[in-house]
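Single-structure report; data block below.
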Amino acid sequence: FNMSIILHSILTGDEETLNKSLALQLEFHQKSVIPSEDLWGTDEAYICDEAVALANLAIRHGLNVMVEHDLLPEGLLVQPMGFNGAGLE
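Mind the numbering: the sequence shown is residues 17 to 105 in my numbering, read in order.
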């Protein structure tokens with residue numbers, strides 16, 4: 017359910033809902049997915065692939081991802097695309 021809200025917020029350009037929903041997804045992954053699936057010591061215990069993918073999709077659609085979380089490493093996020101020659105970077 018939360019991922020559909022994230023996708024909808026990307027399509028509608030709703031940054032507030034995007035960031036709240038990403039934070040909820042990361043919290044869910046940390047508190048529920050990792051322990052229930054016994055993912056300790058695996059890559060999924062350190063990175064939430066779904067959140068990284070959705071955050072990158074949002075960034076490519078021009079949205080600001082403001083969520084900071086250990087499971088969403090900044091180094092895995094794409095850089096916002098600027099407009100060459102249009103004065104926007």
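Glycine is no exception: its CB is placed at the ideal position from the N, C-alpha and C atoms.
The C-alpha of Leu-34 lies about 18 Å from the C-alpha of Leu-92. The DSSP-derived three-state label of His-45 is helix. Going by DSSP, Glu-66 is part of the alpha helix (DSSP H) stretching over 65-76. Of all C-beta pairs linking the stretch 68-86 to the stretch 51-58, fewer than three are shorter than 8 Å, placing the two stretches out of contact. The continuous alpha helix (DSSP H) containing Leu-27 extends over residues 18-28.
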